[in-house]
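Line by line, the protein sequences are chains A and B. Taken in order, the first sequence gives residues 1 to 165; the numbers are from the working numbering. Taken in order, the second sequence gives residues 166 to 698; the numbers are from the working numbering. Heads up, the beta-carbon is just placed ideally off N, CA and C, and yes, glycines get one too.
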Amino acid sequence: MPRDQFRLLMQEFHRAEEPDKVGQLASPVILLPYDATGALMPVAHVVMNTPTGITLVCHVAVAANNQEMRHAALGSPVRLKRSRTGRLEIVGLDKRAPGTLYNYTLNLSTAVMTSGNVSALTTRVVNLGELASVTSVGFGQTPLAAVAMYDASSNVVTIVWPGGV
Amino acid sequence: MRTLAPALATVMLSPQRQPAWQVLAYDVLSSGAPTMSAIIAGSATSAFQLNLTPYVHGGVTVEEPGDKRAAHITFTVSDHLGSFDPASGTYATYMQQHQVVHITAGDTTVPTSQYVGLFLGHVRGQVGFTIDRQALRYETTLSCYNRRAVPRYLKRRFTSQSYGNAVDFATICLDVARQEMSLSGTELTRFPGVLGQLTQFSTNTIADLSPLEALDKILEALGLVCDFDGDGRLRVYSRDLRRAPDKVFANLNLIASIEHPQADTETYNSVKIIGLDKNITELEQPEQALARATIPVGFWRPMHTVDVWWSNDRSLRARHTVLSIESSVNNSLILGLGTESYTETSEYGGRISIGIIGFLLSLIALIGVTLLAGAYLPDALNLTAVQTISVGRVIQSLTIQLALMTVATQSSGVYEVRGVPILPVFQEISATLTVDGTPDYLVNQKEITNDWVSTQEHLLALALVELIFEVAQSSPRNVSLVDDLTLEVGDMIQIPLGAAPLRLWVESLRRTMTRDQVPLLDITGFKVPEGAF
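Here it is, written out as structure tokens:
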């Protein structure tokens with residue numbers, strides 16, 4: 001079999017065999033009115049590693065058979081399953097979490113690598129000392145126990161809880 | 166790269182080559198048959214060996230496709246007696262599936278013992294047999310694949326023993342080869358004893374992988390690939406294109422043709438490596454109630470110490486724990502003399518101590534003083550009733566009632582310990598390496614997930630090897646040259662071509678050996694980017 005055909009096949013094979021994805025809970029699990037009738041669905045925000053970097057995915061549905069997830073704490077690593085059409089669901093707790101992503105470029109003529117941005121998103125409860133500074137408004141804007149996403153330099157990227165789209 | 170015997174190496178350099186090859190079949194299925202290890206070591210008895218060379222019709226084609234695919238040969242043997250009829254021929258035993266075929270090559274001027282192995286593998290599938298009465302032909306066709314296609318190596322999954330910290334990857338690979346592939350002795354002489362990369366976790370286990378999957382995954386972390394050589398020995402070759410060429414051709418005398426084929430393969434220009442951080446990350450969860458305790462105290466137990474744990478199995482860890490008093494022991498005491506304290510004894514629990522000794526001692530002292538004072542008080546005189554009143558005894562009796570109340574004193578406190586539970590998790594680390602200047606919309610990224618990669622430095626080193634390897638595939642080359650018995654898949658050759666030499670990574674090889682001619686070796690490979698060396 002020609003090599004390029006073989007490689008295409010192998011790519012398809014790997015796609016089919018793609019393992020579950022890992023993520024990290026960025027919010028508590030809540031019940032969200034999910035359809036037009038207001039039926040409630042347990043959902044949570046999740047931070048996950050995607051080809052474009054570490055990304056926040058909001059309101060990911062929790063699989064029906066996972067009552068343990070209802071009590072999962074913020075920051076818990078979770079396992080995600082992607083449907084063939086690209087919809088995610090949280091299927092359970094996991095032991096590995098997405099971490100730091102280092103981006104580099106390579107100059108082929110010199111074989112020299114150049115360091116790019118470092119992508120590392122963590123989510124945690126905003127502590128009392130930070131409440132005044134996460135927004136320009138100061139105290140009162142961000143509620144106590146709000147959850148924020150932080151970058152590799154521990155700067156707040158966004159408040160992910162309460163809220164999320 | 167194969168090492169040739171000195172005499173054969175000398176002949177290879179001379180223009181008077183008289184190429185020769187032989188095809189040996191081994192019976193490994195009969196009772197008393199030699200093991201693969203014995204065949205590879207050259208110690209198999211001749212009783213189970215058959216030299217098929219004189220009967221080979223039209224030559225032998227050896228294909229080594231590389232890229233973790235098994236080498237393959239097809240050849241035909243025939244004689245006028247039908248000796249190779251797999252059903253009833255004299256040599257039918259050797260014409261069965263799973264028997265072993267070994268192809269060696271050399272020169273007629275050197276002994277066959279110095280020939281170099283080009284292929285060793287098993288007969289696979291049904292052996293073909295043709296009787297053509299018009300052409301008076303008895304032909305048997307065999308198709309063989311090398312040990313990379315052995316079912317046990319490819320498919321039988323295993324779970325390894327657990328390896329500790331700082332174990333060289335080669336140790337694990339060799340254990341897999343010995344225990345799961347039953348390789349030993351000569352079969353492992355080409356596998357390195359040290360790979361220079363150590364395990365990072367205190368426990369490392371390979372679970373539910375086939376032996377070749379396991380070896381490929383471990384070696385992938387080092388930019389290596391495993392394969393079997395022409396003598397059936399396990400070996401590794403490197404995908405690192407920055408290394409020096411294995412063979413440098415001084416001129417084009419031995420090169421028959423060089424082709425830049427048109428290729429529409431979409432090659433990768435970016436690589437993403439995902440590994441597992443060698444440091445366990447301890448995630449701090451939101452502060453929450455870890456333990457509650459209701460603790461009673463009284464006169465007969467004025468001090469009470471209770472150990473509390475964050476989980477029943479005492480395995481949950483927490484930090485920054487504090488005592489929250491929901492109901493104080495002083496709520497039912499006067500003067501607030503009860504004491505309450507909390508100590509974090511470990512990450513798994515703490516100790517709550519409450520006491521009312523101060524309160525009790527104060528009361529006892531007060532009682533004692535009052536009784537004594539009562540004894541010294543003079544009686545009062547009631548002139549109307551002409552009687553005396555013992556004021557001191559009245560006070561003493563009231564004091565005794567107070568003492569009795571003290572003895573019956575009981576209180577209790579309700580406490581909650583709050584803290585931040587710790588969740589140990591494996592944190593992924595990843596690195597992307599992209600060819601400089603590639604527009605975002607043209608990035609074609611290859612993703613490799615390998616838990617044997619555990620540090621940023623390791624990620625980058627592997628990403629560099631893989632990206633140069635992938636980029637090189639956009640420049641495929643086909644080269645034909647006079648057969649060079651030293652070349653193997655994974656070798657790098659350098660050919661003088663124009664201003665800059667052509668460095669070619671050998672991805673696959675094909676040679677057809679017929680009688681009385683020097684075979685051509687067809688190499689499919691790709692040009693190493695100039696910047697890589």
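* Extent of the continuous beta strand (DSSP E) to which Ala-456/B belongs -> For Ala-456/B, the enclosing beta strand (DSSP E) has its first and last residue at 453–463.
Can you tell me which of the three DSSP states His-263/B falls into? Coil.
task = Might you give, ordered along the chain, the residues of its own chain that have their beta carbon closer than 6 Å to the beta carbon of Ala-428/B, omitting 5 neighbours on each side?
result = Excluding five sequence positions before and after Ala-428/B, the CB atoms of its chain that fall closer than 6 Å to its own CB belong to Pro-641, given in chain order.
Checklist entry - Taking the Cβ atom as the reference point for each residue, do Leu-667/B and Ile-660/B lie within a distance shorter than 7 Å? => result Cβ distance < 7 Å, so Leu-667/B and Ile-660/B count as in contact.
Anything in chain B within Cβ reach of Ala-97/A, meaning under 8 Å, just list it in chain order. Going along chain B in sequence order, the residues near Ala-97/A (Cβ under 8 Å) are Thr-446, Leu-448, Val-590, Phe-591, Gln-592 and Glu-593.
Next item on the list: Determine contact between the segment 586–596 of chain B and the segment 558–576 of chain B, defined as no fewer than three beta-carbon pairs at a distance below 8 Å.
Entry: The answer is no - the segment 558–576 of chain B does not touch the segment 586–596 of chain B, with fewer than three Cβ pairs under 8 Å.
Listing by chain order, which chain B residues have their CB less than 8 Å from the CB of Val-22/A? Per Cβ cutoff of 8 Å: Glu-593.
> In terms of residue numbering, what span does the beta strand (DSSP E) encompassing Phe-294/B cover?
Replying inline: Element bounds for Phe-294/B: 293–297.
Return yes when the Cβ of Val-341/B is within less than 7 Å of the Cβ of Ala-379/B, no when it is not.
Between Ala-379/B and Val-341/B, the C-beta spacing is below 7 Å.
- Going by C-alpha distance, which of Arg-558/B, Gly-523/B and Phe-524/B is nearest Ala-540/B? Comparing Cα-Cα distances from Ala-540/B to each of Arg-558/B, Gly-523/B and Phe-524/B, the minimum goes to Arg-558/B.
Next item on the list: For chain A, find out if any of its Cβ atoms is closer than 7 Å to the Cβ of Gly-329/B; answer yes or no.
Entry: No, Gly-329/B does not count as interfacial toward chain A.
Starting from the Cα of Glu-228/B, find the closest Cα among Asn-311/B, Thr-504/B and Val-636/B and give me that residue. For the set Asn-311/B, Thr-504/B and Val-636/B, the Cα lying nearest the Cα of Glu-228/B is the one of Asn-311/B.
**Prompt:** In chain A, what lies closer than 8 Å to Leu-246/B by C-beta?
**Reply:** By Cβ distance, chain A contributes nothing, its closest Cβ being about 38 Å from Leu-246/B, past 8 Å.
Alpha-carbon to alpha-carbon, Glu-452/B and Ala-146/A
Taking C-alpha positions only, Ala-146/A is separated from Glu-452/B by approximately 13 Å.
What beta strand (DSSP E) runs, 3 residues minimum, are completely inside the segment 488–538 of chain B? Within the segment 488–538 of chain B, the complete beta strand (DSSP E) runs of at least 3 residues are 504–508 and 514–520.
Taking the alpha-carbon positions, what's the Val-315/B to Val-266/B distance?
Each residue's Cα considered, the two are about 14 Å apart.
Q: Measuring alpha carbon to alpha carbon, tell me which of Asp-442/B, Arg-516/B and Ala-530/B ends up nearest Pro-98/A.
A: Taking the Cα of Pro-98/A as reference, the smallest distance to any Cα among Asp-442/B, Arg-516/B and Ala-530/B is reached at Asp-442/B.
Q | Endpoints, beta strand (DSSP E) assigned at Asp-340/B | A | Annotation: Asp-340/B is outside any beta strand (DSSP E); the continuous alpha helix (DSSP H) that includes it extends over 334–345.
Quick one: which unbroken beta strand (DSSP E) runs of 3-plus residues sit fully inside the segment 63–148 of chain A? Chain order, please.
List check, beta strand (DSSP E) in window: 77–82, 88–93, 101–107, 112–119 and 122–125.
task = Reducing DSSP to helix, strand and coil, say where Gly-690/B ends up.
result = Judged by DSSP in its simplified three-state form, Gly-690/B adopts strand.
| Short CB-CB distance (under 7 Å) between Val-126/A and chain B | It does not: the Cβ of Val-126/A has no partner Cβ on chain B nearer than 7 Å.
- Query: Of all the options Ser-248/B, Ala-236/B and Thr-274/B, which has the alpha carbon lying nearest to the alpha carbon of Arg-748/B?
  - Reply: A question about residue 748/B goes unanswered here, because the residues of chain B that appear run from 166 up to 698.
Can you tell me whether Glu-378/B is helix, strand or coil according to DSSP? In the three-state DSSP reduction, Glu-378/B falls in the helix class (H, G or I).
So is Trp-617/B buried or exposed if we call it buried at 16+ other beta carbons inside 10 Å? Its Cβ being crowded by 16 or more others within 10 Å, Trp-617/B is buried.
request  = Work out the CA separation of Asp-192/B and Leu-283/B for me, nearest whole Å.
outcome  = Take the alpha-carbon of Leu-283/B and the one of Asp-192/B: they are about 19 Å apart.
- [ ] Using 10 angstroms around the beta-carbon of Ala-409/B, count the other beta-carbons present and answer buried if the total reaches 16, otherwise exposed.
- [x] With fewer than 16 Cβ atoms within 10 Å of its Cβ, Ala-409/B is classed as exposed.
Quiz item: From which residue to which residue does the beta strand (DSSP E) around Tyr-303/B run?
Solution: Taken as a continuous stretch (DSSP letters only), the beta strand (DSSP E) holding Tyr-303/B covers 302–311.
- Query: Under three-state DSSP, which class holds Phe-249/B?
  - Reply: Of the three classes helix, strand and coil, the one that applies to Phe-249/B here is coil, per DSSP.
**Asked** Listed in chain order, which residues of the segment 394–407 of chain B have Cβ atoms closer than 9 Å to some Cβ of chain A?
**Response** Residues of the segment 394–407 of chain B whose Cβ lies closer than 9 Å to any Cβ of chain A, in chain order: Arg-407.
Could you pull the start and end residues of the alpha helix (DSSP H) that His-623/B belongs to? From DSSP, the alpha helix (DSSP H) with His-623/B extends over 621–637.
*Thinking C-alpha only, which one of Ser-645/B, Phe-356/B and Asn-216/B is nearest Ser-422/B?*
Here the closest residue by C-alpha is Ser-645/B.
- Task: Give the secondary structure of Leu-178/B by DSSP, where H, G and I count as helix, E and B as strand, and everything else as coil.
- Result: In the structure shown, Leu-178/B sits in a helix (DSSP, three-state: H, G or I).
Q. Does the beta-carbon of Met-177/B have 16 or more other beta-carbons within 10 angstroms, so that it is buried, or is it exposed?
A. With 16 or more neighbouring CB atoms inside 10 Å of its own CB, Met-177/B falls in the buried class.
- Query: Cα-Cα, which of Ser-253/B, Ser-347/B, Phe-294/B and Gly-329/B is closest to Thr-200/B?
  - Reply: When only C-alpha atoms are compared, the closest one is Ser-347/B.
* Asked: Short check: CB of Leu-101/A to CB of Val-47/A, under 7 Å?
  -> Taking C-beta atoms as the reference points, Leu-101/A and Val-47/A fail to come closer than 7 Å.
Burial state of Leu-8/A, where buried means 16 or more other Cβ atoms lie within 10 Å:
With a pLDDT of 48 at Leu-8/A, under the threshold of 50, the modelled position of that residue is not reliable, and the figure given next carries that caveat. With fewer than 16 other beta carbons inside 10 angstroms of its own, Leu-8/A counts as exposed.
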